[in-house]
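J.: Protein chains in written order, with my numbering: chain A, 1 to 375; chain B, 1001 to 1622. Pasting in a structure now, in structure tokens, and then I'll have a few things to ask.
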């Protein structure tokens, strides 16, 4: 860690912190205006109410232009007059209040932490899934991801590679860090997600599904060999990771490729990074439409003669489900899905170990990187 | 054959009941004590009901030796303020089996006063103590009897008889019997309690062996109208009953002895005079309407014999052959049998025919049954393939069966007369339920009279919810002819109907606090067993119970939905009171304000709204 000391750098820091302040100010302003409306209603003897975009299946539509799922125009009214909604109304009020404090004081929280914090305010949640759901409500009402309110998921994925960042969280403002200093990688938490991306020598981002392979890639110095930033998504990529991927793509102009297991779930992990999930249809900052899935494809199974295991019933059902998804109607997505269904077999990333532990990094990866250029 | 018959005759009714006392509910000390209480209390209430007296009944049970463990002898005393029993009837009434005053066809708790005698019999068997009866039927003199039963002879043995002056009418019966109060106590207390619910015009007290006093004062001052005694309905009749009715309707040819001749003279006003035959006939014609049947028969015979009193004294009627119109008699003077022809055109011939052969079918039907007029009687005769003028006395056994069958099958008889029934009435029933359970909701119904097998019946039902009623309902209180039925509820028709009901449909859920009172009034309750504890599922009764319960359930459902609304409003108000302050707190900080918004107005409005619903609810309930 080194301190930025030159004058030029200091100006830049100021600019950056100004930008972060701006963002914080906007969030606070928005929360305040929601609060003021409810305050006025109560003060005028009116039952406060607000409208919330409907997240029901019928209101989730695929937007071809945005290349992601978005919410339609249906909205539901949530009113404190309705005794059935009174509880969730109050929960959401509290969450806004709590998010306001977090944002104001620049403190971070997690989904689980939110659930437990509620008890201190005599707010009842049946279980964490109820409080998680209210958090999604707040996202839907404000059209902002929870990370903007300093609420992060529990699970952490990690990043490794030559990338300089500069923290914006309180106490670390202006401090910078190079993300290739620690071979275990850096966990993508609140401080990293909110950090400024300063510069990088990398030319590509490789998102990989599995922690084991991530470690192997670091050991094999894939970052250096292929001038890349390696990200472990830990299965389905958490939102903070997707946000980071998006920023690396947009702010650092880096192409993103995704490497997953050779099965239908892997294919969908890549798809979510590319165009989001139906669950997050109310948010629009989480997709990398130009991300490319490079493997393991179903066709790779045959091409590389990978050892396989048979697909389970749930794998096959998942294939049929995805065949109905508008994003799987053409190109590689449709083609690979069809081959999976034909083979009824799947292969793990580790399958390449059959041909040597470094086979995947020595042979497979270079071929795929080459191929990605033409995708 | 004849020796067997003699053997049967030697078993007196007392002996029969002694050996079959299980049937009457005297199977063990527990059940016996309970049954004895029932029999005496019911007799006391019946006696008062019949005379329109508001009953005061005092029940006392005392252990002879309190320290002894159960079962042990108890003295059971039931005292009432009823009409009492005349001294001359007391020994027979309490000292023989099958002696009673309740033989008429009307609704009463007991049928023949049989149970009380059974209790006395049981007491005597187990403790060898006499029954003590104290009775005053005039409110001045009280007769006190100590009576034992001679079981073999079915005769009373008066041990002691004294009299004393009193100021009140009434009867007190006291027996000593072996019982088990520690086991029977609950049922007896329930019995007294439930009896007072269905007899709200009675005041009932109970002093139990442990020194506890249970008092159930009357809370209805008017006694419901007493039932009237009526003739039977043709649908409710059998061959044996018809045979008995024919015997009742027939009249034996009187023995013409000195006493009879004296009576005829006296009735004609001819005690002193000796008139000629024609003069006697003239006199009889004039006085005909005032004459008794006996006398009329004698006159009719005289008209054919053409004899005056003196000659009449010297003969004896041997036979009257109506079909051949011949009259046979023994002449003491000539010492020989003689016969004369009877003129079938004579009005006296008809008189004799009635006497000897019984009434014509149509007369029999119209006079001795309810709901049959002359037109119906003729229509029935055609249906049953009898001549309308057919004499009842001439019916063969086979014809009697045919008649009985036809009476059951003929459908044009009107429904039984229900004036012989004494339902409690909706108002007293509702009052009783309200007093006993202090419920939030009560509904009662008295169904119109209906009939099964020729026996009229009326169903009365009540339903109540909430208040002091325990949860875990429906609790069913069963009554038949104002008697609570406490045992054997499992197989009872009322329970069947209640259990068949899907209470969820009536918005009654969980373990609801509610009760159902059902009262079946009938001249004959179709009990399943002799113990009189459960009512059989006669289709007609089941149907009426169902209709009654449906009506009440609908009312309950209406109440429940209002109650539900009020509960909801209350819950809602509570929700607002809980959540609005929190919303206010959070939005104050969120909006960056110091002072909380004035949300109190909203809470007030809510309270007002929920109050409104509650008020409506109360109005609906009243």
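Just so you know, even glycine gets a beta-carbon here, dropped at the ideal spot from N, CA and C.
For residue 1380/B, does the three-state DSSP call read helix, strand or coil?
T.: helix
J.: According to DSSP, simplified to helix, strand and coil, what is residue 202/A?
T.: coil
J.: According to the Cβ coordinates, are residue 961/B and residue 1095/B closer than 7 angstroms?
T.: Past the boundaries of the shown model lies residue 961/B; chain B is included only from 1001 to 1622, so the question cannot be answered.
J.: Identify, in the order they occur along the chain, each residue of the same chain with its Cβ nearer than 8 angstroms to the Cβ of residue 1188/B, setting aside the five sequence neighbours on each side.
T.: 1033, 1034, 1037, 1061, 1181, 1206 and 1208
J.: Could you give the DSSP three-state label for residue 1280/B: helix, strand or coil?
T.: helix
J.: What does DSSP give as the partner residue(s) for residue 333/A in the beta ladder?
T.: Per DSSP, none; premise fails for residue 333/A.
J.: How far does the alpha helix (DSSP H) with residue 1554/B in it extend, from its first residue to its last?
T.: 1539 to 1590
J.: Does the contact criterion of 3 or more C-beta pairs under 8 angstroms hold for the stretch 1547 to 1557 of chain B versus the stretch 1265 to 1282 of chain B?
T.: no
J.: Within a Cβ cutoff of 7 angstroms, which residues of the same chain sit near residue 1167/B, ignoring the five residues on either side of it in sequence?
T.: Hits under 7 angstroms: 1139.
J.: Within the continuous beta strand (DSSP E) that includes residue 321/A, where are the two ends?
T.: Not the beta strand (DSSP E): residue 321/A falls in the alpha helix (DSSP H), residues 313 to 323.
J.: Could you list which residues in chain A have their beta carbon closer than 9 angstroms to that of residue 1563/B, in chain order?
T.: Those do not exist, as residue 1563/B stays about 18 angstroms from chain A at its closest Cβ, beyond 9 angstroms.
J.: Check whether chain B comes within 7 angstroms of residue 38/A, counting only Cβ atoms and requiring the distance to be less than that.
T.: yes
J.: Compare the C-beta of residue 1189/B against all C-beta atoms of chain A and say whether one is closer than 7 angstroms.
T.: No - not a single Cβ of chain A is within 7 angstroms of the one on residue 1189/B.
J.: State the CB to CB distance for the pair residue 205/A and residue 231/A, rounded to an integer number of angstroms; the pair is presumed to be in contact (CB under 8 angstroms).
T.: 6 angstroms
J.: Residues of chain A with CB under 7 angstroms from residue 1592/B, in chain order?
T.: 32
J.: Ordered along the chain, which non-local residues of its own chain (more than five positions away) have a Cβ less than 6 angstroms from that of residue 1234/B?
T.: 1369, 1407 and 1413
J.: Just mark residue 94/A as buried or exposed, buried being the case when its beta carbon has 16 or more other beta carbons within 10 Å.
T.: buried
J.: Please classify residue 1183/B: does DSSP put it in a helix, a strand, or coil?
T.: helix
J.: Pick out whichever of 132/A, 107/A, 121/A and 181/A has its Cα sitting closest to the Cα of residue 149/A.
T.: 107/A
J.: When you compare each of 261/A, 100/A, 318/A and 50/A to residue 88/A by their alpha carbons, which one comes out closest?
T.: 50/A
J.: Looking at the ligand GTP, does it come within less than 6 angstroms of residue 192/A, judged from the CB to the closest heavy atom?
T.: Of ligands this structure carries none, so the ligand GTP is not represented either.
J.: Which residues in the same chain have their Cβ closer than 6 angstroms to the Cβ of residue 1003/B, if we skip the five residues on either side of it in sequence?
T.: At residue 1003/B, the pLDDT of 40 sits below 50, so the modelled position is not reliable and the matter cannot be decided from this model.
J.: Taking a cut of 8 angstroms between CB atoms, which residues from the stretch 78 to 91 of chain A lie near chain B?
T.: 80, 83, 86, 87, 89 and 90
J.: If contact is defined by three or more beta carbon pairs under 8 angstroms, each pair taking one atom from either stretch, is the stretch 159 to 166 of chain A in contact with the stretch 223 to 239 of chain A?
T.: yes
J.: Closer than 8 angstroms by beta-carbon distance: list the chain B residues that pair up with residue 100/A, in chain order.
T.: 1589 and 1590
J.: With a threshold of 16 other CB atoms inside 10 Å of the CB of residue 1302/B, please say whether the residue is buried or exposed.
T.: Residue 1302/B counts as buried, since no fewer than 16 other beta carbons sit within 10 angstroms of its beta carbon.
J.: What's the C-alpha gap between residue 312/A and residue 330/A?
T.: 25 angstroms
J.: Relative to the C-alpha of residue 1132/B, which residue among 1291/B, 1041/B and 1161/B is closest?
T.: 1161/B
J.: Strictly under 7 angstroms for the Cβ-Cβ distance: is residue 1598/B near chain A by that measure?
T.: Chain A contact via Cβ: present.
J.: Counting only beta-carbon separations shorter than 7 angstroms, does residue 1601/B have a partner in chain A?
T.: yes
J.: Among 57/A, 80/A, 363/A and 178/A, which has the Cα closest to the Cα of residue 71/A?
T.: 57/A
J.: With DSSP as the reference, label residue 57/A as helix, strand or coil.
T.: Assigned with DSSP and collapsed to three states, residue 57/A falls in helix.
J.: Give every residue of the same chain whose Cβ lies closer than 8 angstroms to the Cβ of residue 1292/B, excluding the five residues on either side of it in the sequence, and list them in chain order.
T.: 1267
J.: Distance check for residue 1503/B and residue 1509/B, CA to CA, integer angstroms please.
T.: 7 angstroms
J.: Is it true that the CB of residue 261/A sits closer than 7 angstroms to the CB of residue 209/A?
T.: In terms of Cβ geometry, residue 209/A and residue 261/A form a close pair [threshold 7 angstroms].
J.: Residues of chain A with CB closer than 7 angstroms to the CB of residue 1584/B, please, in chain order.
T.: 42
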